[in-house]
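Position 175, counted from 1, in the sequence shown is what full-length UniProt numbering calls 175; the numbers after and before it change by one each time, with no gaps.
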Amino acid sequence: MTDKPVVGITMGDPASIGPEITAKVFDKEWIYDKCNPIVVGDAAVMGNALEILGKTHMKINPVEKVEGAVFSRGTIDVLDMKLVDMSVLKLGEVSEMAGEAAFRYVEKVIGLAMNGDIDATVTNALNKEAINLAGHHYSGHTEIYAEMTNTKKYTMLLAHDNLRVVHVSTHVSLREACDLVKKDRVLDVIRIAHDACRDLGIESPKIAVAGLNPHSGENGLFGREEIDEIIPAIEEACSQGMDVDGPVPPDTVFSKARGGWYDIVVAMYHDQGHIPLKVVGFVYNKEEAKWDAVAGVNITLGLPIVRASVDHGTAFDQAGKGIANELSLENAIEYGILLAKKKLED
Numbered sequence: 001m002t003d004k005p006v007v008g009i010t011m012g013d014p015a016s017i018g019p020e021i022t023a024k025v026f027d028k029e030w031i032y033d034k035c036n037p038i039v040v041g042d043a044a045v046m047g048n049a050l051e052i053l054g055k056t057h058m059k060i061n062p063v064e065k066v067e068g069a070v071f072s073r074g075t076i077d078v079l080d081m082k083l084v085d086m087s088v089l090k091l092g093e094v095s096e097m098a099g100e101a102a103f104r105y106v107e108k109v110i111g112l113a114m115n116g117d118i119d120a121t122v123t124n125a126l127n128k129e130a131i132n133l134a135g136h137h138y139s140g141h142t143e144i145y146a147e148m149t150n151t152k153k154y155t156m157l158l159a160h161d162n163l164r165v166v167h168v169s170t171h172v173s174l175r176e177a178c179d180l181v182k183k184d185r186v187l188d189v190i191r192i193a194h195d196a197c198r199d200l201g202i203e204s205p206k207i208a209v210a211g212l213n214p215h216s217g218e219n220g221l222f223g224r225e226e227i228d229e230i231i232p233a234i235e236e237a238c239s240q241g242m243d244v245d246g247p248v249p250p251d252t253v254f255s256k257a258r259g260g261w262y263d264i265v266v267a268m269y270h271d272q273g274h275i276p277l278k279v280v281g282f283v284y285n286k287e288e289a290k291w292d293a294v295a296g297v298n299i300t301l302g303l304p305i306v307r308a309s310v311d312h313g314t315a316f317d318q319a320g321k322g323i324a325n326e327l328s329l330e331n332a333i334e335y336g337i338l339l340a341k342k343k344l345e346d
């Protein structure tokens, strides 16, 4: 047992697909071969998810502390926070109650990791509208983790197969994102990207930095951010011994990374990095009208604890139907295990 990291997995918004995809993953043999997983959430909601999925061979083990977990396939250990009134909960709908619960699960799992009770945290999706209704004014998980761990320099990493992307900015308007492209921030993200690749086992990472403007500004013709901010950051990173290329035009850099030119791409803003990841990771089957794959993982870098997450939202339209795809959660748990083992080695 001691050679397996303990992974705390938040249930996500109780009205979302989170409980269902969590139950699906806990029914897979590999998860117990690689880690000791425990859900942070509500036992009653997880029990309802088992009923929706028809998994009558599985049972819920509500616990008050991690020490009470049995870590055995067929049993889902749930650190039961008892925050959801099942008579009120409506699957697929935004509510203050669900938002409050989802926020408290995240708060709890961060505390467990900071105290050393678990080795990694993995998060299911929360709904930003719901947590704001509950009075928690954050734009997402990343900002919650940064504040609760007192982390100043952090970034989001998205990964699917060999495509890895980090961001200079994320949950801000596009207009504000352009203003945030500054040398010091770009350099910080390059450094974080370099260290992340090393943690993932890439000994000598090759880093691409995307341009902000079309054609990377075309020598100032389409904007000066590359000349004034991005190129100086790249030059300083190279002088510190990092292997960095750019600014690479954003319309080609991701195809090059997929082709093996680069180990990781520094994107300038949220959608510049998210769109290519989701184009390759989210596969919709038009004939069968369902998602064949919803793959990829979201990792927060720069934290004192390990945090990996699904790379999709709450999917309220699928909640309660038992059809949600669990692949992204599997990916997130696998990355959480990998990073936890690296952290334990260090």
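Here a beta-carbon is modelled for each residue, glycine too, at the ideal position from N, C-alpha and C.
Owing to the predicted nature of the structure, the values given are computational and were not obtained by experimental measurement.
Burial state of residue 283, where buried means 16 or more other Cβ atoms lie within 10 Å:
exposed
Whole runs of the alpha helix (DSSP H) within the stretch 231-273, excluding any shorter than 4 residues
Within the stretch 231-273, the alpha helix (DSSP H) runs of at least 4 residues that lie entirely inside it are, in chain order, 231-239 and 253-258.
Counting pairs of Cβ atoms below 8 angstroms between the stretch 315-330 and the stretch 167-179, do you hit three or more?
The stretch 315-330 vs the stretch 167-179: no contact.
Residues bridged to residue 121 by DSSP?
8 and 307
Just checking my contact of residue 66 with residue 38 at CB under 8 angstroms: how many whole Å lie between their CB atoms?
6 angstroms
State yes or no: is the C-beta of residue 262 within less than 8 angstroms of the C-beta of residue 174?
no
At least three beta-carbon pairs within less than 8 angstroms, the stretch 284-293 to the stretch 252-262
no
As a quick exercise: from 114, 107 and 163, pick the residue whose alpha carbon is nearest that of residue 140.
107
Whole angstroms are fine: how far does the CA of residue 10 sit from the CA of residue 103?
Answer to the nearest angstrom: the Cα atoms are 10 angstroms apart.
Chain-order list of residues whose beta-carbon lies under 7 angstroms from that of residue 330 (same chain, five-residue window excluded)
25
With residue 193 and residue 172 assumed to form a contact (beta carbons below 8 angstroms), what rounded beta-carbon distance in angstroms separates them?
Not quite, the Cβ-Cβ distance comes to about 20 angstroms (not below 8 angstroms), so this is no contact.
Proximity to residue 212 [Cα-Cα], best of 50, 322 and 183:
183
Could you pull out every residue in the same chain whose Cβ sits closer than 6 angstroms to the Cβ of residue 74, ignoring the five residues on either side in sequence?
58
Suppose you measure from the CA of residue 133 to the CA of residue 346; what does that come to, to the nearest Å?
Using only the alpha carbons, I get a separation of about 40 angstroms.
Could you tell me which of 77, 307 and 240 sits nearest to residue 111, measuring between CA atoms?
Per the Cα distances, 307.
8 angstroms CB neighbourhood of residue 349 in its chain, flanking five on each side removed:
The structure shown does not extend to residue 349, since the chain spans only 1 to 346, so no value can be given for it.
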